[in-house]
Structures are given as structure tokens and as C-alpha cells.
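Peer 1:
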Amino acid sequence: MDNVRDTPQAGPGVTTGALARQLGVAPTTLRTWDRRYGLGPAQRSAGHHRRWSEQDIAVVEEMCRLTATGLPPAEAADLARKRLDSGSVAGPGAGPVTVTVPQPRRAPDRLPTAASVERECKGLSRAATRLDAPVVQSLLTEAVSRHGLVGAWQEVMVPVLHAVGRKWEEAGDRYVEVEHMLSWHVSRTLHRGAADPAEAPPVVPPVVLACVPAEQHALPLEALSAALGEHGLPQRMFGAAVPVEAVSAAVRRTGPRVVVLWAQARSTASMPLARALAGAGWGVRGARGRPTVMLGGPGWAGRTLRGALRPTTLPEALLQVHRFYPEVSRVRAPA
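In the working numbering, the protein residues as written are 27 to 361.
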């Protein structure tokens, strides 16, 4: 009986707090939609508290669906009311809105336009700001399906991560939780999109991927790892803040063809480490091998290492790695 008061149901109506929990949005979002667009409850209790009927709930559910496609809130509100009047809006019993993702508006065989990609980014940004985790995950999964893993990273994930980061910087610490949640779901999506490591040829020397010591920003390295996995290229991913001794040991034990060192900030980039790895060797005398070092990330800006690879984008990094693995037959090298 104690849980009944938090469960949206028919009868006297649903409180704003209970409806917000059902939809996965903040109560202030519902109040804002009521004040700006008139998407509020038709009835109030004796104490002037909002009580949402089934019809009211259907309208705001449709509002959530439409804003997740990237429509401006004012346009989404107008369309939600029109769909309710025409009877095309599903009732609140149709299931949780936060797991419903609109299908792509364009035909599958057509390239995305700048406007359609911008709508995707806006929808993802709004869902992240609402802390609507199910919609964030669904939109990211849909982006990978629509653009491919590399395209989704370049066209959707990176722009939205940058936009959220700028919002955080401008507003102090108010949006830290938004950036953390979005980053976690991007990481989860990248892991899901990568192929099983068991599918990579076991006898081919791998690519070693590691952040330099003290570097915690590993998301771009995860994107490269996922892209390599998707292309069937062997790899060993070591993640954030890898100690010097650990990177060196990994290189000696695996004999990689390429070592990727990621540095997001100039303060973490370590040229002595890069030089040491470029000079590292393994194997018996007369047949010793050495890796090619790839310097990834803005932390290496203005620094050079003879023979090192220095890509500036994910597709460029993927293409450069491909050149070291001609025997991987199922590779789909990017154009």
C-alpha cells in the first residue's frame, strides 16, 4: 500500500513528481512545458497542486518523443497537441516513453543531411540534459545503426560531448552530472558496437592502446578500440592512466605493430615515453621487431617524433593502422 501513492494511475489524477519519475524527466521540465507551451494538467487539487489525467500524460509523452527527434520544444508542443486532437497519440498505457525512439525520417539508402544530423545532435543533447538515460542510450544506438560506428562518433557523439562540455564550463558545476552520464552511455555504445575480440586473428601481432600516465580521458581511445574491433583488427586495450612500466611490459610481451599513446592534455603527454617505446624491441637477435608509435590526442600538439604516426581524426587513425595489417582479409578499410 505504501507504494500506491507513487504509481501513476487513473482516478483523481497523477502528481507532477510521480509523472516525472514515470517519464524519466525532472519535475521542473514538466512545469516549464506547462508554463511556456500550455502542456499542463487540466485539473488542480484544492491546494492548487497539479493533477495529471490520462489525456494530459499522453500529450507530454508525445512531447518527449518529439523532442528526442531534435524538434524545437515549441514546435514539438504544437505537434503533440495536434496529434492528440486527431487521435493519433497513444495513451499512457502504451508503455514507457523513454524507451521509444522515433525511426529515421530519411530513407535508408540516402546519405544524412546536415539538417538531419543537427536534429540528431539536438535530440541527444536535450535527452542528456534531462538525464533521460533510456532515450540517450536508444538515440546513441540508433546513431550507430544509421551512420556506422565511426560516423556516429564523428558526426553525433563528439559534437554533443563538446556542446555539453561547453555548457558545463559556462554554467560552473551545474551540468557535471550530464557530462558524466552522457560519457558513460557513449562508452557503453562503443563497447557494444565493437566486434568480439575472439574474432580477431590470434596469430597476428596486435595494436596496443594506452593512455599516457596521469591521463584519465580515455573516451577517444575507446572509440578507436571499438573501430578496430569492428574491422577485425587485433588489439590490446589498456585504458586510462597506464603506468610507464605497464606500457613497456605490454609492448615487450605482445610485440605490437602499432602502439597508440593517447594524451588529451599537454601536461600529460610524455615524449620520453614515446621515444622509449619507439626504440623498444623484442624477438631473437637478427629478427628483432619494433613498433610504430601513434601519437593520439591534442596533448601532442607541437611535438614531433621521427617515424611516429600523428592522425587528427578517428577515420585517419583507422586508415593508418590498416596499412600495417594487409593480411587481415575481412578488413573494411575506410575511404
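Beta carbons: idealized from backbone N, C-alpha and C, even for Gly.
State the Cα-Cα distance for the pair residue 62 and residue 84, rounded to the nearest angstrom.
Peer 2: 18 angstroms
Peer 1: What residue ranges within the stretch 296 to 342 form continuous alpha helix (DSSP H) runs of no fewer than 4 residues, ordered along the chain?
Peer 2: 297 to 304
Peer 1: Are residue 346 and residue 323 close, meaning C-beta to C-beta below 7 angstroms?
Peer 2: no
Peer 1: To the nearest angstrom, how far is the alpha carbon of residue 60 from that of residue 163?
Peer 2: Their backbone Cα atoms lie some 27 angstroms apart in a straight line.
Peer 1: How would you call residue 219, buried or exposed, if buried means at least 16 neighbouring beta carbons within 10 angstroms?
Peer 2: buried
Peer 1: What's the call for residue 305, buried or exposed, on a 16-neighbour Cβ count within 10 Å?
Peer 2: Around the beta carbon of residue 305, fewer than 16 other beta carbons sit within 10 angstroms, so the residue counts as exposed.
Peer 1: To the nearest angstrom, how far is the alpha carbon of residue 205 from that of residue 237?
Peer 2: 20 angstroms
Peer 1: When you compare each of 278, 297 and 336 to residue 315 by their alpha carbons, which one comes out closest?
Peer 2: Among 278, 297 and 336, the Cα nearest to that of residue 315 belongs to 278.
Peer 1: Using alpha carbons as the reference points, say which of 79, 64 and 49 lies closest to residue 91.
Peer 2: 49
Peer 1: Go ahead and label residue 111 buried or exposed: buried means 16 or more other beta carbons lie within 10 angstroms of its beta carbon, across all protein chains shown.
Peer 2: exposed
Peer 1: Which residues bound the alpha helix (DSSP H) around residue 250?
Peer 2: 245 to 256
Peer 1: Which residue from 294, 338, 233 and 87 puts its Cα closest to that of residue 283?
Peer 2: For the set 294, 338, 233 and 87, the Cα lying nearest the Cα of residue 283 is the one of 233.
Peer 1: Quick one: what's got a C-beta closer than 8 angstroms to residue 213's C-beta in the same chain, skipping five residues either side?
Peer 2: 245 and 248
Peer 1: Would you kindly work out how many angstroms separate the C-alpha atoms of residue 44 and residue 143, rounded to a whole number?
Peer 2: 34 angstroms
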